[in-house]
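So the mapping is simple: my numbering equals the position in the sequence shown, first residue as 1, plus 4. Ideal Cβ placement from N, Cα and C applies to all residues, glycine included. Below you'll find the structure, written out as structure tokens, and then a few comments.
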Amino acid sequence: MLESLSILANNLSLFSNEQAEEILSLNVSFPQMMREWRDLSKVKWGSEHLWATFEQTKRLLEDLVKTDEGIKRKLVGLVRREKELKTELEEIESDMRQLKVERGEVSKQTKKVCALAEEQACIIEAREAEVDGANKKLEGLKSKWDAMRLRLLA
């Protein structure tokens, strides 16, 4: 384009005065306009790139915020569940302690009943021996009585 303007500027006689003035003005201002155009294009491209990068960063940030909120919701749910499970565990442990106490009481009662049963078994054995002895004496007395009766009646 600069070459074309140079050629036109060298042949101004071919143009009207107005056209010649425009060509000379353009020949002088064109290089500056080109530099400005390049600079503005660079700024525009840089801004577009910056804007695109900003949009990507914004989307990434929004995604991260959503992810963070999702994680936070899950954590809140897990903390709630942990509290529920701790409460349930405390109830289970309380029940276990109560059952251990009850088992200890039952064990004591079992030992007492067992000792009582052994004592009663010994008493019963002694009574059975006493009853057997009494039965034998009764049988002996009965035999003597029968024999005496037979002698007295005979």
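Residue i to residue j span [Cα, whole Å]
i	j	result
isoleucine 11	glutamate 66	58 Å
leucine 89	leucine 79	15 Å
alanine 133	asparagine 139	10 Å
serine 111	arginine 84	40 Å
leucine 93	glycine 74	28 Å
glutamate 129	leucine 145	24 Å
aspartate 99	threonine 114	22 Å
asparagine 14	tryptophan 41	26 Å
glutamate 122	threonine 91	46 Å
lysine 104	threonine 71	48 Å
8 Å CB neighbourhood of residue i in its chain, flanking five on each side removed
i	result
leucine 30	Leu9
Sequence-distant residues of its chain with Cβ nearer than 7 Å to residue i (five each side left out)
i	result
arginine 107	none
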